[in-house]
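Note sheet for the following structure.
There are 2 protein chains.
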Amino acid sequence: MNAQKTFEHTLAKHHQSHTRTRQQVFDALAHHANLSMRELTRRCSNVDRASVYRSVKLFEQLGIIVRIPHGWKYRLELGEAFHEHHHHATCDTCGASIALPEDSTLEDRLQELASRRHFRLTSHQIELHGQCQNCQNN
Amino acid sequence: MNAQKTFEHTLAKHHQSHTRTRQQVFDALAHHANLSMRELTRRCSNVDRASVYRSVKLFEQLGIIVRIPHGWKYRLELGEAFHEHHHHATCDTCGASIALPEDSTLEDRLQELASRRHFRLTSHQIELHGQCQNCQNN
DNA sequence: TGTCAATTTGCGACACATTTGCAATAGTGG
DNA sequence: CCACTATTGCAAATGTGTCGCAAATTGACA
Numbered sequence: 001m002n003a004q005k006t007f008e009h010t011l012a013k014h015h016q017s018h019t020r021t022r023q024q025v026f027d028a029l030a031h032h033a034n035l036s037m038r039e040l041t042r043r044c045s046n047v048d049r050a051s052v053y054r055s056v057k058l059f060e061q062l063g064i065i066v067r068i069p070h071g072w073k074y075r076l077e078l079g080e081a082f083h084e085h086h087h088h089a090t091c092d093t094c095g096a097s098i099a100l101p102e103d104s105t106l107e108d109r110l111q112e113l114a115s116r117r118h119f120r121l122t123s124h125q126i127e128l129h130g131q132c133q134n135c136q137n138n
Numbered sequence: 139m140n141a142q143k144t145f146e147h148t149l150a151k152h153h154q155s156h157t158r159t160r161q162q163v164f165d166a167l168a169h170h171a172n173l174s175m176r177e178l179t180r181r182c183s184n185v186d187r188a189s190v191y192r193s194v195k196l197f198e199q200l201g202i203i204v205r206i207p208h209g210w211k212y213r214l215e216l217g218e219a220f221h222e223h224h225h226h227a228t229c230d231t232c233g234a235s236i237a238l239p240e241d242s243t244l245e246d247r248l249q250e251l252a253s254r255r256h257f258r259l260t261s262h263q264i265e266l267h268g269q270c271q272n273c274q275n276n
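From first to last, the protein sequence lines are chains F and Z. Taking my numbering, the leading residue of the first sequence gets 1, the next gets one more, and so forth. Taking my numbering, the leading residue of the second sequence gets 139, the next gets one more, and so forth.
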């Protein structure tokens with residue numbers, strides 16, 4: 001199932017309308033990974049800011065998108081129904097965001113750590129900081 | 139070396155003044171782990187809010203504190219020179235923040251993942267979400 | 001396809017968070 | 001202790017996220 005179908009299907013499953021506005025917000029997110037809220041509103045220039053916020057909140061609840069911690073703020077990207085689960089590294093020099101390969105050992109360790117505190121783990125985010133290959137060479 | 143000495147030493151090493159304001163901000167952070175910015179400014183009531191922000195930014199650059207992702211926001215706590223490196227789990231039911239044991243396997247995996255993308259890793263943050271033991275029993 | 005009820009949107013206004021410029025003040029080195 | 005520089009407080013600007021409400025859009029169904 002392609003991204004567009006998955007999107008429409010997810011909305012329908014939760015009895016939410018497939019509107020022009022939501023489609024525009026989804027398109028922006030689908031075409032540009034790792035958008036900040038500011039970038040997203042810029043790319044949806046004919047959609048009111050409040051509506052973008054409302055769509056983002058809804059999409060997050062439906063699992064269509066996830067919030068990725070990024071410094072003091074966060075970025076948005078499509079959720080696991082669209083991408084394989086993965087994490088990101090942020091280059092502190094140029095600000096680039098690099099997607100990292102999936103790694104089940106890592107996920108297992110987290111599960112194990114949580115268990116030791118009798119914590120029932122439902123989700124997690126990892127934020128790496130450092131310097132990307134390009135910036136190391138400058 | 140105790141926390142206070144480490145603090146003064148870190149400032150001196152970076153040619154930064156040890157001022158009354160910075161000391162107050164540091165004290166608040168040293169006595170209460172996991173403060174939000176709002177809580178921090180409340181605890182530094184005789185320090186101007188803008189100065190608290192300026193101190194926090196400086197402390198973060200010097201590694202005196204780290205920002206811990208916490209939902210859409212973040213919390214502050216003393217850096218690695220003051221505490222052993224660790225991560226937190228946030229209970230989505232009651233909001234509690236649970237410190238997790240250190241785990242070198244985990245850290246090694248992250249290092250490995252970063253290397254595969256030729257990324258030079260300098261720091262990382264992990265945020266776990268789920269339900270704490272107490273809330274599971276209710 | 002047209003109509004209607006329900007949902008969603010845009011707008012304006014608000015509340016709160018964070019940053020900035022600048023004059024006054026406090027800290028540092030000699 | 002003085003003079004110089006860095007830091008602070010203040011006030012104002014900017015940024016982020018939310019809300020109420022009237023108007024527009026959507027989905028269901030005739």
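For every residue, glycine included, the Cβ atom is placed at its ideal position computed from N, Cα and C.
With respect to the 8 Å criterion, N34/F and S97/F are classified as neighbours on the basis of their beta carbons. Spanning the alpha carbons of C135/F and T93/F requires a straight line of approximately 7 Å. The residue from F197/Z, H262/Z, A227/Z with its alpha-carbon nearest to that of H147/Z is F197/Z.
Within the DSSP bridge table, the entry for G130/F names C91/F, L259/Z as partners. Per the DSSP secondary-structure output, V194/Z pairs with nothing in a beta bridge.
Annotated three-state conformation of S36/F is coil, per DSSP. If you look at L78/F, you'll find it in the beta strand (DSSP E) that goes 73–78. In this structure, F82/F and A3/F form a Cβ contact; the two beta carbons are roughly 5 Å apart against a cut-off of 8 Å. For G95/F, the closest C-alpha among the options R43/F, L29/F, Y74/F is that of Y74/F. The beta-carbon separation of I206/Z and Q271/Z, rounded to 21 Å, does not stay under the 8 Å limit for a contact.
What L244/Z touches in chain F, judged by beta-carbon distance under 8 Å, is L106, R109, L110, L113, going in chain order. Out of E215/Z, N184/Z, H208/Z, the CA that lies nearest to the CA of V194/Z is found in E215/Z. With fewer than 16 neighbouring CB atoms inside 10 Å of its own CB, H223/Z falls in the exposed class. Relative to the Cα of Q23/F, the nearest Cα in the group V52/F, M1/F, T122/F belongs to V52/F. Sequence-distant partners of I203/Z (beyond 5 residues in either direction) whose C-beta falls short of 8 Å from its own C-beta, in its chain, are L167, V194, F197, L214, E215, L216, G217.
Shown here for Q249/Z: same chain residues with a beta carbon closer than 8 Å to its own, the five before and five after excluded, namely L259 in chain order. Within chain F, no C-beta atom comes less than 8 Å from the C-beta of L196/Z; the nearest is roughly 14 Å away. Distances from the CA of F164/Z to each of Q154/Z, H153/Z, C182/Z were compared; the closest alpha carbon is that of C182/Z. For S183/Z, no alpha helix (DSSP H) segment is defined, and its DSSP state is neither H nor E.
Listed as beta-bridge partners of I203/Z by DSSP are L216/Z. Cβ neighbours of T6/F within its own chain (closer than 7 Å, five residues either side excluded): A81, F82.
Ranked by how close their Cα comes to the Cα of T21/F, the residues V47/F, R42/F, H15/F have V47/F in first place.
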